[in-house]
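A quick write-up on the structure given underneath.
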Amino acid sequence: MRLRQGQFSFLPDLTDDDIRVQAQYAIDNGWAVSVEYTDDPHPRNSYWEMWGHPMFDNRDAAAAVYEVNECRKQHGSKYIRVLAFDATHGWESIRMSFIVNRPAEEPGFRVVRQEGEGRQIRYTIESYAVREPEGARYA
Amino acid sequence: MNAETQVVTPKTVDLAASFEESGVAEVLRELDEALVGLAPVKQRIRETAALLLVDRARRQLGLATETPTLHMSFTGNPGTGKTTVALRIADLLHRLGYVRKGHLVTVTRDDLVGQYIGHTAPKTKEVLKKAMGGVLFIDEAYYLYRPENERDYGQEAIEILLQVMENNRDDLVVVLAGYADRMDRFFASNPGFRSRIAHHIEFPDYSDGELGRISETMLAEQNYVFDEGGKRAMTEYIGKRRAQPHFANARSIRNALDRARLRQANRLFETSSGPLDATALSTITEADIRASRVFLGGLDVDRAQDERA
Ligand SMILES: Nc1ncnc2c1ncn2[C@@H]1O[C@H](COP(=O)(O)OP(=O)(O)OP(=O)(O)O)[C@@H](O)[C@H]1O
Ligand SMILES: [Mg+2]
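Keeping their order, the protein sequence lines are chains H and D. Take the first sequence: its position 122, counted from the start at 1, is 151 in the numbering used here, and no numbers get skipped. Take the second sequence: its position 233, counted from the start at 1, is 235 in the numbering used here, and no numbers get skipped.
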């Protein structure tokens, strides 16, 4: 099941050049681009691992593509995303976020039903991947 | 691809027109006017510009070629204009579309090499990323390589540089600069660099006449002029200064003029009574030059260090 999170996730995978153009758009708007990765794709997992620092003073998006590729070398079997952070007062939050790398196999999520009092059912989802320990997922 | 989105390949290109409209003509003109002398350097830059224009035209006609290797080395003594020319090259490459932004990032060993294990790679990569889209200028590049210390972290920086120079040829252009003899030795022991650099440009020392003209353009930039005596004294100064230690071509001239302006200000302050006109405020006289220690046979060690700083 293809993970659909962030921008462009209904499009085919972005090429390096697509990534560069998007990252350049962020830089031209004054946003800091950063790269993050994870092997826990739950939609509520907002804290992915940071790959280096946000790039506050790179004028050209080739730097972002370079870091994406460096990250792929080490975490190529995981999810990698590119973020653009807007530091201006009042925003101070993420303005862009898109996935740039995904595992070869994406097993997706299962529904978990929990029976509560009075026949109440609580539903949640769990990704199949996280049933393996960290590091062994998507191996 | 359907007919609408298909790019139409032109049948012909007009090199002269693209020379003008790309702004290359203007950069070369500026280079000619702003920099005194340096004929061989200017010639090499003109040739490179021609090569790139033709390369670009070939692309436009669909004669696809690989991105040409643009990494360069600049060799020459201190103050011969290497940094100044690097700035113009960055501008030139930008106008031709070979670098996307055209900024110049100037670094030396300390900006690239770390102090402890694990420090160098992030430092070097940080610098490389900053330079992407522009030109990375590595001054005195041979300090990266310290064969006498086998655990030197410089080697790590070199390896990353070589990798990026090869893999990210579209993203940045690297210019290595330094004194000729040491650069030769550096290249001899680092064949990886030699083979990645297509253009070796040598910066000759300036002649006395050229330094004289440089002194006048530098003054003119700041709205000063020599009077007759000042000009004569400057000519004599140049001859004497060249023979003394730590001579740094155009930079020595710039420093001498900075000190001359200081003396001029003091002279005006001490000797003038009553109103001064623009001419008086902007004239460098013989006395302002002749008070230099150069005429007493040389700079002592303190001054020499000042000069280098
Ligand atoms: N041909 C020239 N015409 C006018 N000014 C010049 C010329 N060449 C150099 N200068 C001036 O001389 C000074 C030193 O030049 P620059 O910094 O480019 O030298 P460099 O070769 O990089 O020296 P170093 O090797 O010591 O770094 C600058 O202020 C520059 O403006
Ligand atoms: Mg310099």
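No residue lacks a Cβ here, since even glycine has one placed at the ideal position from N, Cα and C.
* Given a threshold of 16 other Cβ atoms within 10 Å of its Cβ, counted over all protein chains shown, does D:Ser254 qualify as buried or as exposed? -> buried
* CB of D:Asp141 to nearest heavy atom of ligand 2: below 7 Å? -> yes
* **Beta-ladder partner(s) of H:Trp80, from DSSP** => H:Val64
* To do: Have a look at H:Ser122 and D:Gly136 and give me their C-alpha separation to the nearest angstrom.
  => 29 Å
* **Under 7 Å by beta carbon: chain D residues contacting H:Met84** => Lys131
* Which residues, in order along the stretch 91-106 of chain H, keep a beta-carbon less than 7 Å from a beta-carbon of chain D? -> Ala91, Ala92, Tyr95
* Can you pull the chain D residues whose beta carbon is under 7 Å from the beta carbon of H:Asn87, in chain order? => Lys131, Lys132, Met134
* Asked: Between the beta-carbon of D:Phe21 and the beta-carbon of D:Leu55, is there less than 8 Å?
  -> yes
* Asked: For a contact meaning CB atoms closer than 7 Å, what does D:Arg102 contact in chain H?
  -> Asp89
* Asked: With 8 Å set as the bound, which would you pick, yes or no: does the beta-carbon of D:Met3 sit closer than that to a beta-carbon of chain H?
  -> Its pLDDT being 41, under 50, D:Met3 is placed unreliably by the model, and the measurement read from it follows with that caveat. Cβ-Cβ to chain H under 8 Å: no for D:Met3.
* Asked: Cβ of H:Pro136 versus every heavy atom of ligand 1: is any distance shorter than 7 Å?
  -> no
* **Any chain H beta carbon closer than 8 Å to D:Asp93** => no
* Is the Cβ-Cβ distance between H:Ser32 and H:Pro70 less than 8 Å? -> A small correction: the amino acid at residue 32 of chain H is Leu; Ser does not occupy that position in the sequence shown. Yes, these two residues count as a Cβ contact at 8 Å.
* To do: Report yes if the C-beta of D:Arg253 is less than 7 Å from at least one heavy atom of ligand 1; otherwise report no.
  => yes
* To do: Give the range of the beta strand (DSSP E) segment to which H:Tyr95 is assigned.
  => Note, H:Tyr95: premise wrong, no beta strand (DSSP E); alpha helix (DSSP H) at 91-104.
* Should D:Lys13 be counted as a contact of ligand 1 given a C-beta to heavy atom distance under 7 Å? -> no
* **Close Cβ partners of H:Ala93 (< 6 Å) along its chain, the five nearest in sequence each way excluded** => Ala52, Val62
* Asked: Using 8 Å as the threshold, is the stretch 127-142 of chain D in touch with the stretch 81-89 of chain H, meaning 3 or more CB pairs across them?
  -> yes
* To do: Use the C-beta contact count for H:Lys102: other C-beta atoms within 10 angstroms, 16 or more gives buried, fewer gives exposed.
  => exposed
* Any idea if D:His96 is buried or exposed, counting beta-carbon neighbours within 10 angstroms, 16 or more meaning buried? -> buried
* Asked: Does any CB atom of chain H fall closer than 8 Å to the CB of D:Gly121?
  -> Residue identity check: residue 121 of chain D is His in the sequence provided, not Gly. False, the Cβ-Cβ gap to chain H never drops below 8 Å.
* To do: Could you spell out the range, first to last residue, of the beta strand (DSSP E) harbouring D:Met74?
  => 74-78
* Asked: Which residues in the same chain as D:Tyr239 place their Cβ atom closer than 7 Å to its Cβ, once the five residues preceding and following it in sequence are excluded?
  -> Ala258, Ile291, Ser294, Val296
* So, using beta-carbon positions, are H:Val64 and H:Glu96 closer together than 8 Å? -> yes
* With 9 Å as the C-beta to C-beta threshold (strictly closer), list the residues of the stretch 187-207 of chain D near chain H in chain order. => none
* Within the chosen definition, does the stretch 212-219 of chain D reach the stretch 41-49 of chain D through at least 3 CB pairs nearer than 8 Å? -> no
* How would you call H:Gln143, buried or exposed, if buried means at least 16 neighbouring beta carbons within 10 angstroms? -> exposed
* Do we get a CB-CB distance below 8 Å when we pair D:Asp173 with the residues of chain H? -> yes
* Roughly how many angstroms lie between the CA atoms of D:Leu178 and H:Glu163, to the nearest whole one? -> 44 Å
* Asked: Are the C-beta of D:Asn170 and some C-beta of chain H separated by less than 8 Å?
  -> yes
* Three-state class that DSSP yields for H:His118 in the structure shown -> coil
* Asked: Which stretch, first to last residue, makes up the alpha helix (DSSP H) that contains D:Ala123?
  -> 122-133
* Anything in chain H within Cβ reach of D:His105, meaning under 8 Å, just list it in chain order. => Arg88
* Inter-stretch contact at 8 Å, needing at least 3 Cβ pairs: the stretch 216-228 of chain D / the stretch 198-206 of chain D -> no
* Asked: Which residue or residues does DSSP assign as beta-bridge partners of H:Met125?
  -> H:Ala113
* In whole angstroms, what separates the C-alpha of H:Ser38 from that of H:Ile128? -> 7 Å
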